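Student: So in the numbering used here the end of the first sequence lands on 316, straight run, no missing numbers. Beta carbons: idealized from backbone N, C-alpha and C, even for Gly. Keep in mind it's a predicted model, so treat the numbers as computed, not measured. Quick one: structure below, then a few questions.
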Amino acid sequence: MLQQTQVATVIPYFERFIKRFPDVSALAAAEEADVLRLWEGLGYYRRARQLHKAAQVIMEQHSGDFPQSREAVHALPGVGRYTAGAILSIAFGTREPILEANTKRVLSRLLLYRGDPEKASGQQLLWRFAEDLLPRKNVGTFNQALMELGSEICSPRTPACQVCPVATLCPTHKYGLQDQIPARKRKPGVENVDEAVIVVRRGPCVLLRQRSEKERWAGLWDFPRFPLANCEAPPTCEQMAELICAATGLETTPTRLLTTLKHGVTRFRITLYCYEANYQNGVDRIIQPTAWLRVDEMKNFPLSVTGRKISQLVNT
DNA sequence: AAACCGTGGGA
DNA sequence: TTCCCAAGGTT
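The following block contains the structure:
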């Protein structure tokens, strides 16, 4: 959960998750949709599916005992070098280094490293330094302290060097280069995208589909959604009826534009026009699986954030 | 190597 | 409002 996600954001999710899945066995036995439902809103949903899969690997390949070798931990789905190092050092006291957002910044500044810490050469240097710094004992505490130093004191913008315990060792502080080290990561160009969502009603039900493996929000459920050629004004309800017919084979009677949502995801800034329509006839031929769900059933299905917002509009 | 994957908090 | 960034991993 903590991968690329701030601690304060994770805490309520962690509490709920661990209550529902108190151990590896419980998680391994869960339905993926239930795991995703508890993850809903955290983002990077691949992490949830990999964690679920990792629990199953532990049950099946490690007899339910969490592996303790570096190789076996690293081989778990979703566990890279950082996560393996964190687990091994914090949970098992193994002498393994870590390198993540906070410590990357701390170590870059201690080394006065002007290169890009994300590139291979920077990674190599910083991992090596993280290894060299490791104490003989209390490695887990040391690793956590280094992260905490980066988070609370050696912050990105205006680090609190006045209270930093290692300020006298820090050339970046000495030369006042805190705003240049580490090198800022270049931002990918933002792309504006227009999309339309349609809530097709059929009696007490609405049409949802599960997003496929290769799509964004894989495994989550969503209302049928279409890319729109960049438009100044939202399409008319009649145009939307044509779109959904072309995409699904369903004939509908368009009713109204429900709302317009703006949503940023990765490098895309999506303007989402949300329509409502009534089912007339036809059998949907959207790529499976799809489902006609009663409005009150949607709470049990994992939805994207925009999907959840729309579901609540439909609910009222 | 570089793109991709999500969302929300804070400046 | 906009921008940066977060206890990264995979392809």
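1. DSSP beta-bridge partners for residue 264?
2. Among 149, 71, 80 and 96, whose alpha-carbon lies nearest the alpha-carbon of residue 109?
3. Is the stretch 231–251 close to the stretch 152–172, with three or more CB pairs under 8 Å?
4. Leaving out the 5 sequence neighbours to the left and right, which residues in its chain are closer than 8 Å to residue 37 when beta-carbon positions are compared?
5. Looking at C-alpha atoms only, which residue of 292, 132, 197 and 144 is the closest neighbour of residue 234?
6. Considering only their Cβ atoms, is the gap separating residue 206 from residue 295 smaller than 8 Å?
7. Would you please state the rounded distance, in angstroms, between the beta carbons of residue 154 and residue 105? I believe it to be under 8 Å.
8. List the residues that DSSP assigns as beta-bridge partners of residue 116.
9. Between the stretch 8–21 and the stretch 59–69, do three or more beta carbon pairs fall short of 8 Å?
10. What three-state label does DSSP hand residue 237 in the structure shown?
11. Do residue 238 and residue 282 come within 8 Å of each other at the CB atom, strictly closer than that value?
12. Going by beta carbon distance, what residues of the same chain come within less than 7 Å of residue 121, once the five residues before and after it are set aside?
13. Can you look up residue 90 in the DSSP assignment and give me helix, strand or coil?
14. Assuming contact is defined by CB atoms lying nearer than 8 Å, are residue 47 and residue 93 in contact in what I supplied?
15. Enumerate in chain order the residues of its own chain whose CB-to-CB distance from residue 55 is below 7 Å, with the five nearest sequence positions on each side excluded.
16. Using CA atoms only, rank isn't needed, just tell me which of 88, 203, 175 and 171 is closest to residue 278.
17. Would DSSP call residue 134 helix, strand or coil?
Tutor: According to the structure shown:
1. Locating residue 264 in the first sequence gives position 264, counting from the first residue. Residue 264 is bridged by DSSP to 269.
2. Along the first sequence, one-based indexing puts residue 109 at 109. For the residues 149, 71, 80 and 96, the minimum Cα distance to residue 109 belongs to 149.
3. These segments do not touch.
4. By 1-based counting over the first sequence, the position of residue 37 is 37. Excluding positions up to five away in sequence, the list reads 300, 301 and 302.
5. The residue labelled residue 234 in the question sits at position 234 within the first sequence. The residue from 292, 132, 197 and 144 with its alpha-carbon nearest to that of residue 234 is 197.
6. The residue you call residue 295 lines up with position 295 of the first sequence. The residue you call residue 206 lines up with position 206 of the first sequence. Contact: yes.
7. Counted from its first residue, the first sequence places residue 154 at position 154. Counted from its first residue, the first sequence places residue 105 at position 105. About 6 Å separates the beta carbons of residue 154 and residue 105, which is inside the 8 Å limit, making them a contact pair.
8. In the first sequence, residue 116 corresponds to position 116, counting from 1. According to DSSP, residue 116 bridges with nothing at all.
9. The stretch 8–21, when compared against the stretch 59–69, does not touch it at the 8 Å Cβ threshold.
10. Taking the first residue of the first sequence as position 1, residue 237 is located at position 237. DSSP places residue 237 in helix when its eight states are reduced to three.
11. Position 282 of the first sequence holds residue 282. Position 238 of the first sequence holds residue 238. In this structure, residue 238 does not lie closer than 8 Å to residue 282 by Cβ.
12. Residue 121 sits at position 121 when you count from the first residue of the first sequence. Beyond the five residues adjoining it in sequence on each side, residue 121 comes within less than 7 Å, by CB distance, of 115 in the same chain, given in chain order.
13. As a first step, residue 90 must be located in the first sequence, where it is residue number 90. Looking at residue 90 - three-state DSSP - the assignment turns out to be helix.
14. As a first step, residue 47 is located in the first sequence; it is residue number 47 there, counting from the start. As a first step, residue 93 is located in the first sequence; it is residue number 93 there, counting from the start. Result no, Cβ atoms of residue 47 and residue 93 do not sit closer than 8 Å.
15. Start at 1 with the first residue of the first sequence, and residue 55 comes out as number 55. Contacts found: 24, 27 and 28.
16. Position 278 of the first sequence, counted from the start, is the residue given in the question as residue 278. Out of 88, 203, 175 and 171, 203 has the C-alpha closest to the C-alpha of residue 278.
17. Start at 1 with the first residue of the first sequence, and residue 134 comes out as number 134. The answer is coil: DSSP assigns residue 134 none of H, G, I, E or B.
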